[in-house]
Amino acid sequence: MRIVIAGGHGQIALRLERLLAGRGDEVAGIIRKPEQADDLRAAGAEPVVCDLESASVDEVASHLEGADAAVFAAGAGPGSGVERKETVDKGAAQLFADAAERAGARRFLVVSSMGADSEPPPDTDPVFAAYLRAKGAADAYVRSKKGLDWTILRPGALTNEPGTGMVRLVEHTGRGQIPRDDVAAVLGALLLEPGTAGHVLELISGPMRVEEAVAAVARG
């Protein structure tokens, strides 16, 4: 399977690249900075330099030609302001979805955020509120795409603790934490389970092994 990951130098993306390469998939990561390329190669991924804030749909689609699946794991980052939440978390996600549809990469996963499905409370930090609105708008756009077999994953609070392989993966989990290792593991399992297409899923640590949790979603 060939998988192209947007935001290829992100913490979740690098973990996912190592996982996919380790199981024999062909994986490419889209990055904005050429100096990040060696980190992707070390993870077993092909680096593709492309700025999703300025690229055209055709340009991004050319990088997705021949891909079996695409994963949007990009983000403006915690130090960015409201404007880049719009251009990356929303705009780049929409662009990547358009490009995947044009290239025929039907399987499409999105790393979103818990809380993206509702209006943030009035006392929410303005930048974080903009982030949640951008994620919600991007998710809605992806869900409107008839040419994509999408799954939207909304993890809880991310940690760098070692993964346990034990998760709760359902439509609504309630608040909780999840190691980035386990988010990557769930993404890897979702790519192998087409029956999870059309689902918006929240993810926190929980009682089920990753493979069992993904299979339970596919069974409905």
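If you use this note's numbering, the sequence shown corresponds to residues 23 to 242, in order.
Beta carbons: idealized from backbone N, C-alpha and C, even for Gly.
Being a predicted model, the structure only gives us computed values, none of them experimental.
Start-end ranges of the beta strand (DSSP E) lying completely within the stretch 163 to 219, minimum 3 residues | 171 to 177, 179 to 181, 188 to 192, 199 to 201
Pull up the distance between the alpha-carbon of residue 100 and that of residue 140, whole angstroms please.
-> Stepping through the sequence shown from its first residue, residue 100 is reached at position 78. Stepping through the sequence shown from its first residue, residue 140 is reached at position 118. C-alpha separation (whole angstroms): 20 Å.
Would you report the Cα separation of residue 200 and residue 137, rounded to the nearest angstrom?
-> For this step, residue 200 is matched to residue 178 along the sequence shown. For this step, residue 137 is matched to residue 115 along the sequence shown. Answer to the nearest angstrom: the Cα atoms are 15 Å apart.
Sub-9 Å separation of residue 62 and residue 51 beta-carbons = Working through the sequence shown from its first residue, we reach residue 62 at position 40. Working through the sequence shown from its first residue, we reach residue 51 at position 29. Taking 9 Å as the Cβ cut-off, residue 62 and residue 51 qualify as a contacting pair.
Same chain, Cβ closer than 6 Å to residue 26, neighbours up to 5 away in sequence not counted | Here the question's residue 26 lines up with position 4 in the sequence shown. Within the same chain, residue 26 has close Cβ partners 50, 86, 89, 92.
Can you tell me whether DSSP reads residue 31 as helix, strand or coil?
-> Reading the sequence shown from its first residue, position 9 is the one you call residue 31. Coil, per DSSP.
Nearest-angstrom beta carbon gap, residue 190 and residue 222 [assumed within contact, 8 Å] | Here residue 222 refers to the residue found at position 200 of the sequence shown. Here residue 190 refers to the residue found at position 168 of the sequence shown. Wrong, their Cβ atoms sit about 15 Å apart, outside the cutoff.
Of all the CB atoms in chain D, is at least one closer than 9 Å to the CB of residue 100?
-> Absent from the structure is chain D; it holds one protein chain and no more.
Residue 98 beta carbon less than 9 Å from that of residue 82 | As a position in the sequence shown, residue 82 is number 60, starting the count at 1. As a position in the sequence shown, residue 98 is number 76, starting the count at 1. Result no, Cβ atoms of residue 82 and residue 98 do not sit closer than 9 Å.
What's the gap between the Cα of residue 236 and the Cα of residue 183?
-> Against the sequence shown, residue 236 aligns to sequence position 214. Against the sequence shown, residue 183 aligns to sequence position 161. Distance between the alpha carbons of residue 236 and residue 183: 21 Å.
Is it a yes or a no for the stretch 113 to 121 touching the stretch 195 to 210, going by three-plus beta-carbon pairs under 8 Å?
-> no
Proximal residues to residue 195 (C-beta, below 6 Å), its chain only, five neighbours per side dropped = On the sequence shown, residue 195 is found 173 positions in, with the first residue counted as 1. So the qualifying residues of the chain are 224, 226.
Count the other CB atoms, across all protein chains shown, that sit within 10 Å of the CB of residue 161; report buried if there are 16 or more and exposed otherwise.
-> On the sequence shown, residue 161 is found 139 positions in, with the first residue counted as 1. Burial call: buried.
First through last residue of the beta strand (DSSP E) which encompasses residue 48 | In the sequence shown, counting from the first residue as 1, residue 48 sits at position 26. That run of the beta strand (DSSP E) goes 48 to 53.
Under three-state DSSP, which class holds residue 135?
-> For the purposes of this step, residue 135 is taken as residue 113 along the sequence shown, with counting starting at 1. If DSSP states are grouped into helix, strand and coil, residue 135 belongs with coil.
Rounded separation between residue 95 and residue 35 - CA only = Here residue 95 refers to the residue found at position 73 of the sequence shown. Here residue 35 refers to the residue found at position 13 of the sequence shown. The alpha-carbon atoms of residue 95 and residue 35 are separated by roughly 6 Å.
Compare the C-alpha of residue 66 against each of 33, 41, 131 and name the closest.
-> Translated into the one-based positions of the sequence shown, residue 66 becomes position 44. If we check each option's Cα against that of residue 66, 41 comes out closest.
Under 6 Å Cβ to Cβ from residue 30, same chain only, skipping five residues before and after it: list those, please.
-> Against the sequence shown, residue 30 aligns to sequence position 8. Counting only Cβ-Cβ distances below 6 Å, and skipping sequence neighbours, we find 51, 52, 53, 62.
Thinking C-alpha only, which one of 192, 116, 103 is nearest residue 149?
-> As a working note, residue 149 is residue 127 in the sequence shown. Cα-wise, what sits closest to residue 149 is 103.
Under the three-state DSSP convention, the category residue 74 falls into | Working through the sequence shown from its first residue, we reach residue 74 at position 52. In the structure shown, residue 74 sits in coil (DSSP, three-state: anything other than H, G, I, E or B).
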